[in-house]
Amino acid sequence: PDSPNGICGANADTIVTRNFLRAVSAGSGCYIHIVENTARNLKNTALAKGELKGLRALDRLCDLLDIDGSDAYDKAVKVADAVLDDLYKPDFEKMVLTEKIAYAPRYKRWQELGILPRGAKSEVFKGVVKCSTNLNSDPVDMLVDCLRLGISTGVYGLTLTNLLNDVLLGEPEIRMAPVGLRVIDPDYINIMITGHQHSMFVHLQDRLTQPDAVEMAKSAGAKGFKLIGCTCVGQDLQLRGAHYTDIFDGHAGNNYTSEAILATGAIDAVLSEFNCTLPGIEPICDELKIKQICLDSVAKKANAELKEFVFENRERISDEIVSEIVDAYKARRGSVPMNLLPDHGNDNTLTGVSEVSLKAFLGDTWQPLIDLIAGGMIKGVAGVVGCSNLTAGGHDVLTVELTKELIAKDILVLTAGCSSGGIENCGLMTPEAAELAGPKLKAVCKQLGI
Ligand code: SF4
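Residues 1 to 450, numbered by the numbering used here, are exactly what the sequence shown covers, in order.
This is the structure:
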């Protein structure tokens with residue numbers, strides 16, 4: 001820079017950490033928003049005595065959080081309340097579930113360092129305040145806040161969201177599933193879903209398979225409705241897809257693949273509730289007459305209809321969505337070009353891997369995996385996770401090439417988020433990908449048929 005300091009006197013360290021804290025606070029706010037809505041949806045479902053698909057997951061969560069209840073509904077309400085109570089704690093009170101969820105030695109270290117998070121929403125609020133004009137100028141102080149935000153985001157926004165979803169939506173089961181653009185069947189009214197808040201789709205998912213709704217689709221000329229997975233919520237639906245085989249056709253692709261999915265012409269509506277619903281899809285939706293509906297105002301797209309999900313109004317909201325999507329189907333089919341890619345992707349991607357399902361697959365013990373690592377058959381486990389990025393060579397190039405390098409060196413790869421959407425579409429989660437692995441990992445895959 002021409003000057004070592006900004007006009008207010010802030011130096012480069014202050015400016016960089018201030019921007020970093022702003023980004024971390026915003027990111028934490030996103031995922032705390034998700035866990036808050038998930039806990040509220042679980043609580044509302046339990047109060048309405050709705051279906052809880054993961055009762056074993058509920059019992060495990062109750063054990064973990066030391067919660068007891070008279071029945072499953074009572075337990076679910078108490079679990080949801082415990083999460084919400086923590087999220088809403090003030091800035092001067094630490095959250096209490098962190099210790100129960102986190103890895104104990106890591107929790108101890110956080111305690112020693114004084115970085116245990118206070119109420120998660122208060123942490124976000126404080127971060128936003130600190131990085132505003134001419135407030136905090138201490139880079140270390142701001143970075144410590146980033147650590148606290150990281151802990152609350154990881155423990156609550158990621159881990160607890162998943163554990164709550166297991167209760168409401170059903171636990172992942174290991175199975176083979178189709179992925180890629182091939183999952184789109186033009187004979188159906190197809191709804192592409194984008195976001196991260198699977199619990200908002202529960203009522204609609206059921207509604208779309210009820211006889212009167214299917215009849216509406218049939219009278220419009222389709223066989224029925226299908227949900228087409230895209231971005232993280234599609235990945236989550238795929239993970240739990242064993243419970244949704246009648247409505248979910250498969251995960252078509254990740255964030256930037258959404259444009260290609262729409263360009264097939266066979267998607268009639270986009271339902272979004274969070275990121276990543278790219279602004280770039282808006283002109284495509286306009287051109288191809290694809291109905292856009294947003295269920296959460298935080299993800300409102302400029303030319304989409306906002307139909308804010310309110311649990312109490314779920315029946316009316318689902319009915320309106322069904323009727324509007326049938327209208328969109330009737331208005332667009334026959335007048336927009338189809339560019340299907342039935343060979344894209346594959347039919348046998350391994351999915352449904354969770355801590356619980358993987359341990360069960362191994363015979364209810366981690367010992368076989370530990371033995372393989374200790375014996376040198378697997379050199380280790382690496383995570384290739386999170387958003388797919390366009391900057392390193394193009395869409396999915398870095399994540400796919402990195403994964404190929406790792407497995408060639410006998411390193412097992414664990415993947416999640418949009419990275420996995422690309423990695424699976426490129427065939428790296430099929431049994432055939434064992435051929436690309438190093439000799440030891442290949443032998444393990446062949447033996448297990450994965
Ligand atoms: S993994 Fe990243 S890019 Fe994909 S939907 Fe989630 S936030 Fe968006």
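Don't be surprised by glycine CBs; every beta carbon is placed ideally from N, CA and C.
CB-CB length for residue i against residue j, believed under 8 Å
i, j, result
"glutamate 99", "glycine 119", "Actually they do not touch by this definition, with Cβ atoms about 15 Å apart."
"threonine 264", "asparagine 346", "About 17 Å separates the two Cβ atoms, so there is no contact after all."
"valine 353", "isoleucine 174", "6 Å"
"threonine 391", "leucine 428", "Not quite, the Cβ-Cβ distance comes to about 21 Å (not below 8 Å), so this is no contact."
"tyrosine 188", "alanine 222", "5 Å"
"threonine 14", "serine 137", "5 Å"
"asparagine 348", "proline 283", "35 Å between Cβ atoms; not a contact."
"alanine 72", "leucine 58", "6 Å"
"valine 233", "glutamine 197", "7 Å"
"leucine 158", "lysine 53", "Contact flag wrong, Cβ pair sits at about 20 Å."
"phenylalanine 274", "alanine 299", "5 Å"
"valine 326", "lysine 289", "Actually they are not in contact, since the Cβ atoms of valine 326 and lysine 289 sit about 14 Å apart, beyond 8 Å."
"lysine 227", "aspartate 249", "Reading off the sequence shown, one finds leucine at residue 227, where the question assumed lysine. With 8 Å as the limit, leucine 227 and aspartate 249 qualify as a contact, their Cβ atoms being about 7 Å apart."
"methionine 142", "phenylalanine 309", "Not really, about 35 Å apart at Cβ, beyond 8 Å."
"leucine 21", "aspartate 145", "6 Å"
Buried/exposed call for residue i, threshold 16 Cβ in 10 Å
i, result
"leucine 448", "exposed"
"lysine 43", "buried"
"tyrosine 244", "buried"
"leucine 271", "buried"
"leucine 306", "exposed"
"glutamine 210", "exposed"
"asparagine 41", "buried"
"glutamine 367", "exposed"
"alanine 433", "buried"
"cysteine 285", "buried"
"cysteine 276", "buried"
"leucine 412", "buried"
"asparagine 313", "exposed"
"glutamine 111", "exposed"
"serine 297", "exposed"
"glutamate 171", "buried"
"leucine 113", "exposed"
"isoleucine 267", "buried"
"aspartate 343", "exposed"
"valine 96", "exposed"
"lysine 75", "buried"
"proline 117", "buried"
"glutamate 376", "A quick correction: the sequence has glycine, not glutamate, at residue 376. Classification of glycine 376: exposed, given that the 10 Å Cβ count is below 16."
"tyrosine 103", "exposed"
"alanine 82", "buried"
"glycine 180", "buried"
"serine 323", "exposed"
"asparagine 19", "exposed"
"valine 381", "exposed"
"alanine 252", "buried"
"threonine 133", "exposed"
"threonine 231", "buried"
"glycine 241", "buried"
"glycine 280", "exposed"
"leucine 64", "exposed"
"arginine 56", "exposed"
"threonine 365", "exposed"
"histidine 229", "It is worth fixing the name first, because residue 229 is glycine in this sequence and not histidine. Classification of glycine 229: buried, given that the 10 Å Cβ count is 16 or more."
Cross-strand partners of residue i (DSSP beta bridge)
i, result
"lysine 94", "Arg118"
"histidine 251", "Val179, Gly229"
"isoleucine 293", "Leu271, Glu305"
"leucine 412", "Val381"
"isoleucine 407", "BP columns for isoleucine 407 are empty, so no partner."
"methionine 142", "The partner list for methionine 142 (beta bridge, DSSP) is empty, contrary to what the question assumes."
"asparagine 11", "Asn5"
"isoleucine 193", "Gly229, Leu271"
Residue i Cβ short of 7 Å to the ligand SAM heavy atom set
i, result
"lysine 75", "In the structure on display, the ligand SAM does not appear, and the ligands it does have are the ligand SF4."
Subject >> Chain-ordered residues, beta carbon under 5 Å from a heavy atom of the ligand SF4 >> reply: Thr231, Cys232, Asn255, Asn275, Cys276, Cys387, Gly417, Cys418
**OP:** Any chance you could list the alpha helix (DSSP H) runs of at least 4 consecutive residues sitting entirely within the stretch 331-363, in chain order?
**Re:** 355-361, all fully within the stretch 331-363.
**OP:** Quick one: which unbroken alpha helix (DSSP H) runs of 4-plus residues sit fully inside the stretch 47-99? Chain order, please.
**Re:** 55-65, 72-87
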